Amino acid sequence: MKNVQKFAYFMVLDFEATCEQDRKIPVAEIIEFPVLMINASTLQTEAIFHRYVRPTVNPTLSDFCTELTGIIQSMVDDQPDLPTVLKTFDSFLDENNLKIIPYQFAFVTCGDCDLKTV
Numbered sequence: 762m763k764n765v766q767k768f769a770y771f772m773v774l775d776f777e778a779t780c781e782q783d784r785k786i787p788v789a790e791i792i793e794f795p796v797l798m799i800n801a802s803t804l805q806t807e808a809i810f811h812r813y814v815r816p817t818v819n820p821t822l823s824d825f826c827t828e829l830t831g832i833i834q835s836m837v838d839d840q841p842d843l844p845t846v847l848k849t850f851d852s853f854l855d856e857n858n859l860k861i862i863p864y865q866f867a868f869v870t871c872g873d874c875d876l877k878t879v
């Protein structure tokens, strides 16, 4: 019996978050929110969502964080906070008709860090 996957799109995400070297910070905050909308049938990118996010708990990026992610302080300073970016992402889902049909999409990450840590 053939197992057919049921999703129309794969939403590939790779958050970047605040971090420190050699210690876990109590609250890791998302500082980059990128998502590729991949058509599950053609494997072509159909849309891209990308926003930088201003951290609010620890607003100053560590040197280690900048070296690791390539994100510098000026890239996040004037950006919206996470609740605002989430509203913008919700609008992106609406604009791409991704909330109408159940199982329209699945999030895809590289490991569990993107969803467990932040």
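Residue 762 is where the sequence shown starts when you use this note's numbering, and the numbers rise one by one after that. Cβ coordinates follow ideal geometry from the N, Cα and C atoms, glycine included. None of these values were measured; they are calculated from a predicted model.
Rounded to whole angstroms, how far is the Cβ of Ile799 from the Cβ of Val773, which I believe are closer than 8 angstroms?
Correct: roughly 6 angstroms between the Cβ atoms.
Measuring alpha carbon to alpha carbon, tell me which residue in Ile809, Leu859 and Cys826 is nearest Pro816.
The candidate whose alpha carbon is nearest that of Pro816 is Cys826.
With DSSP as the reference, identify every bridge partner of Asn819, one or two as the case may be.
DSSP, once it has assigned bridges, lists no residue as partnering Asn819.
Can you give me the C-alpha to C-alpha distance between Leu822 and Ala778, rounded to a whole angstrom?
One C-alpha to the other measures close to 10 angstroms.
For Phe853, does the three-state DSSP call read helix, strand or coil?
Of the three classes helix, strand and coil, the one that applies to Phe853 here is helix, per DSSP.
Have a look at Thr803 and Val846 and give me their C-alpha separation to the nearest angstrom.
For Thr803 and Val846, the distance between alpha carbons rounds to 28 angstroms.
What is the rounded straight-line gap between the Cα of Gln834 and the Cα of Val869?
Cα to Cα, the separation comes out at about 28 angstroms.
Could you say which of Ser852, Val814, Thr806 and Asn858 lies nearest to Ala789 if we only look at CA atoms?
Cα-wise, what sits closest to Ala789 is Val814.
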